[in-house]
Amino acid sequence: GDSVTQMEGPVTLSEEAFLTINCTYTATGYPSLFWYVQYPGEGLQLLLKATKADDKGSNKGFEATYRKETTSFHLEKGSVQVSDSAVYFCALDKLNSGYSTLTFGKGTMLLVSP
Amino acid sequence: DAGITQSPRHKVTETGTPVTLRCHQTENHRYMYWYRQDPGHGLRLIHYSYGVKDTDKGEVSDGYSVSRSKTEDFLLTLESATSSQTSVYFCAISDGAGEQFFGPGTRLTVL
Numbered sequence: 002g003d004s005v006t007q008m009e010g011p012v013t014l015s016e017e018a019f020l021t022i023n024c025t026y027t028a029t030g031y032p033s034l035f036w037y038v039q040y041p042g043e044g045l046q047l048l049l050k051a052t053k054a055d056d057k058g059s060n061k062g063f064e065a066t067y068r069k070e071t072t073s074f075h076l077e078k079g080s081v082q083v084s085d086s087a088v089y090f091c092a093l094d095k096l097n098s099g100y101s102t103l104t105f106g107k108g109t110m111l112l113v114s115p
Numbered sequence: 118d119a120g121i122t123q124s125p126r127h128k129v130t131e132t133g134t135p136v137t138l139r140c141h142q143t144e145n146h147r148y149m150y151w152y153r154q155d156p157g158h159g160l161r162l163i164h165y166s167y168g169v170k171d172t173d174k175g176e177v178s179d180g181y182s183v184s185r186s187k188t189e190d191f192l193l194t195l196e197s198a199t200s201s202q203t204s205v206y207f208c209a210i211s212d213g214a215g216e217q218f219f220g221p222g223t224r225l226t227v228l
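If you're matching them up, the sequences are chains E and U in order.
Residue numbers for the first sequence follow the working numbering, beginning at 2 and rising by one.
Residue numbers for the second sequence follow the working numbering, beginning at 118 and rising by one.
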């Protein structure tokens, strides 16, 4: 079946450091790929998405490129802030039957210190 | 923000009691989902709905039932709560375009 694998956390960084959170997937066909973010005590929010190979999703300084050849969708940010501390989830969606069915990775906690 | 509310936000109950969690949306989205979030497991789909009275099972549906009598409400029922159902439960909605919008969550503790 479909699956998403993320690097385990927590990832601990100092403010202004470069961030990479790795995500790889296993799926047949051509899934859409997502990064969701969960701030403490809140639900998940969509951070960015890509719907086809070589697409780059970007939002709030975060970027991820859909790499079909390596089945990856790594999240990057050039300079993290304390406010970026959260749990990040990679997910895929195959839109089977024409509607959303997300498969999530286990999440990666990011802790940014001043 | 998408109009999704969940109630209650926190609940403590005892093993063997029935529990119902409510998800209410004001977006008129067709699709609604219930997930549970547990450390080391990420989010796992319990049940979902693709229309009024149309529901289907997800990955971890055992011990749970759902109902959707109106577009805006999706109820999750634990028939007889067990300690393994202690979790944070999230409702999500979608218009089918691929993005899901999540509610604030319900923290359930089963003693």
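Here a beta-carbon is modelled for each residue, glycine too, at the ideal position from N, C-alpha and C.
8 Å Cβ cutoff, residue i in contact with chain E
{"i": "F191(U)", "result": "no"}
{"i": "G168(U)", "result": "no"}
{"i": "S211(U)", "result": "yes"}
{"i": "L195(U)", "result": "no"}
{"i": "Q142(U)", "result": "no"}
{"i": "P135(U)", "result": "no"}
{"i": "G159(U)", "result": "yes"}
8 Å Cβ cutoff, residue i in contact with chain U
{"i": "S101(E)", "result": "yes"}
{"i": "V43(E)", "result": "Residue 43(E) is actually Glu in this sequence, not Val. Closer than 8 Å: yes."}
{"i": "L111(E)", "result": "no"}
{"i": "L47(E)", "result": "yes"}
{"i": "K107(E)", "result": "yes"}
{"i": "F90(E)", "result": "yes"}
Proximal residues to residue i (C-beta, below 7 Å), its chain only, five neighbours per side dropped
{"i": "S178(U)", "result": "I163 and H164"}
{"i": "A46(E)", "result": "A small correction: the amino acid at residue 46(E) is Gln; Ala does not occupy that position in the sequence shown. The answer, listed in chain order, is Y37 and V38."}
{"i": "K107(E)", "result": "Q7"}
{"i": "N86(E)", "result": "For clarity, residue 86(E) is Ser in the given sequence; the question names Asn instead. L111, L112 and V113, listed in sequence order."}
C-alpha distance - residue i paired with residue j, whole-angstrom precision
{"i": "T52(E)", "j": "T21(E)", "result": "20 Å"}
{"i": "Y89(E)", "j": "R68(E)", "result": "19 Å"}
{"i": "T172(U)", "j": "F191(U)", "result": "10 Å"}
{"i": "S200(U)", "j": "T130(U)", "result": "10 Å"}
{"i": "P125(U)", "j": "E70(E)", "result": "45 Å"}
{"i": "G133(U)", "j": "I121(U)", "result": "29 Å"}
{"i": "P41(E)", "j": "S73(E)", "result": "27 Å"}
{"i": "G175(U)", "j": "Y148(U)", "result": "14 Å"}
Closer than 7 Å at the beta carbon, the chain C residues around residue i
{"i": "Y148(U)", "result": "Here chain C cannot be found, since the structure's protein chains are E and U."}
Close Cβ partners of residue i (< 6 Å) along its chain, the five nearest in sequence each way excluded
{"i": "S15(E)", "result": "S114"}
{"i": "T13(E)", "result": "L112"}
{"i": "L34(E)", "result": "A51, Y67, F74 and L93"}
Contacts around residue i, its chain only, beta-carbon distance under 8 Å, and the 5 residues preceding and following it disregarded
{"i": "D3(E)", "result": "Y26, T27, A28, T29, P32, L93, K95 and T104"}
Take every Cβ of the region 132-146 of chain U, pair it with every Cβ of the region 208-226 of chain U, and state whether three or more of those distances are shorter than 8 Å.
-> yes
Would you call the region 182-192 of chain U and the region 149-168 of chain U touching, i.e. three or more CB-CB distances under 8 Å?
-> yes
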